[in-house]
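For reference, the structure is listed below as structure tokens.
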Amino acid sequence: MQPRIDFYTASPDAFKAMLALETAVSKLGLEKSLLELVKLRSSQINGCAFCIDMHTADARKDGETERRLYAVTAWREAPFFTGRERAALAWTEALTRLSDTHAPDADYALLSEYFSPKEMVDLTVAINAINGWNRLAVGFRKMPEA
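Take the sequence shown: its position 37, counted from the start at 1, is 32 in the working numbering, and no numbers get skipped.
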């Protein structure tokens, strides 16, 4: 695939707005390791090579294991994730595939077992942010460095 436009420079104000959202998400209090799993799973679903590359590297730097990173695509079958992580990954999949799932009650119920109402909103905003980044990167063909 060939890169299209550099969305960073094409609209600096839009890029600043996305960075402001990302900065806000990082300050909401959710575990960084959980956020990296969410970012990775959403990016996998959306086929965003740039974001997959970035978030696996970031997760590794923060101490995430290769074993768990490899298993994110099969998190339902893998025994390596906590109940809280499973709830977040299920919610991530539901919202990333919203037109197919319509945010099922079962996923919401699981989420509410492990997250406070504030955390549920915060996680949803984080999922919204990564989906936005994925749409920019995929739409404009942002590529990871070889």
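Using N, Cα and C, we set each Cβ at its ideal position, and we do this for glycine too.
Our contact map puts residue i next to residue j with C-beta atoms below 8 Å; I'd like the distance itself, whole angstroms only.
{"i": "Trp70", "j": "Leu93", "result": "The pair is not a contact, with the Cβ atoms about 19 Å apart (cut-off 8 Å)."}
{"i": "Glu80", "j": "Leu25", "result": "Wrong, their Cβ atoms sit about 11 Å apart, outside the cutoff."}
{"i": "Thr91", "j": "Asn41", "result": "7 Å"}
{"i": "Ala124", "j": "Glu31", "result": "So it is not a contact: roughly 13 Å between Cβ atoms."}
{"i": "Ala35", "j": "Ala54", "result": "Note that residue 35 is Leu in the sequence shown here, rather than Ala. Contact holds; Cβ gap of about 7 Å."}
Apply the 10 Å Cβ neighbour rule to residue i and answer buried if 16 or more other Cβ atoms are within range, or exposed otherwise.
{"i": "Ile122", "result": "buried"}
{"i": "Ser21", "result": "exposed"}
{"i": "Val116", "result": "exposed"}
{"i": "Ala52", "result": "exposed"}
{"i": "Glu61", "result": "exposed"}
{"i": "Glu88", "result": "buried"}
{"i": "Leu14", "result": "exposed"}
{"i": "Lys27", "result": "exposed"}
{"i": "Ile39", "result": "Checking the sequence shown, residue 39 turns out to be Gln, not Ile. The residue in question, Gln39, is buried, as its Cβ has 16 or more Cβ neighbours within 10 Å."}
{"i": "Arg107", "result": "Inspection of the sequence shows that residue 107 is occupied by Ser rather than by Arg. It counts as exposed."}
Under 7 Å from any heavy atom of the ligand ZN, does the C-beta of residue i make it?
{"i": "Arg92", "result": "This structure lacks the ligand ZN; in fact it carries no ligand of any kind."}
Stretch pair the region 92 to 106 + the region 45 to 64: three plus CB contacts closer than 8 Å: The region 92 to 106, when compared against the region 45 to 64, does not touch it at the 8 Å Cβ threshold.
Those runs of the alpha helix (DSSP H) which lie wholly inside the region 64 to 118 and span at least 4 residues: Correct list: 78 to 91, 93 to 96, 100 to 109.
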